[in-house]
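Numbering (my numbering), first residue to last: 1 to 123. Cβ coordinates follow ideal geometry from the N, Cα and C atoms, glycine included.
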């Protein structure tokens, strides 16, 4: 094994922070317990926010979200691709409907606010 591969496998402090953030999610909390698998994945990446994997995933989700109307037209004849894009968009809509993601601009999830309901004080 060369030194370059060894370095590439070492997790960064950002990756470690991201893992800690995801581990802190209380998946049994009523606000997040009923999320679909796709919404859970996106939500975990939004909570993480700093690891390489989370940033890459959110960048991909952002691309799909920003182009959601054009992509449906473009892939009208490719059912499998259209279904995958629809699943991503439905997962984002699910997070919005649950109030777990609040967008400042409906065209972008990057500038959104991510709610962590388990950290909120009871009324």
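Assigned secondary structure, residue i (DSSP; H/G/I helix, E/B strand, else coil)
i	result
residue 108	strand
residue 27	coil
residue 103	coil
residue 3	Low local confidence applies: a pLDDT of 49 at residue 3 is under 50, so the model's placement there is unreliable, with the coordinate-based value given in what follows. Note: residue 3 maps to helix in three-state DSSP.
residue 34	coil
residue 87	helix
Cβ-Cβ distance between residue i and residue j below 8 Å
i	j	result
residue 56	residue 110	no
residue 138	residue 105	Residue 138 is absent from the model: the chain starts at 1 and stops at 123.
residue 21	residue 48	yes
residue 70	residue 108	no
C-alpha distance - residue i paired with residue j, whole-angstrom precision
i	j	result
residue 32	residue 86	21 Å
residue 118	residue 25	8 Å
residue 19	residue 116	16 Å
residue 97	residue 103	11 Å
residue 76	residue 90	17 Å
residue 99	residue 113	10 Å
residue 34	residue 41	13 Å
residue 81	residue 23	31 Å
residue 13	residue 53	13 Å
residue 28	residue 120	15 Å
Residues that DSSP places opposite residue i in a beta bridge
i	result
residue 114	101
Same chain, Cβ closer than 7 Å to residue i, five either side skipped, listed in chain order
i	result
residue 36	91, 94
residue 44	22, 25
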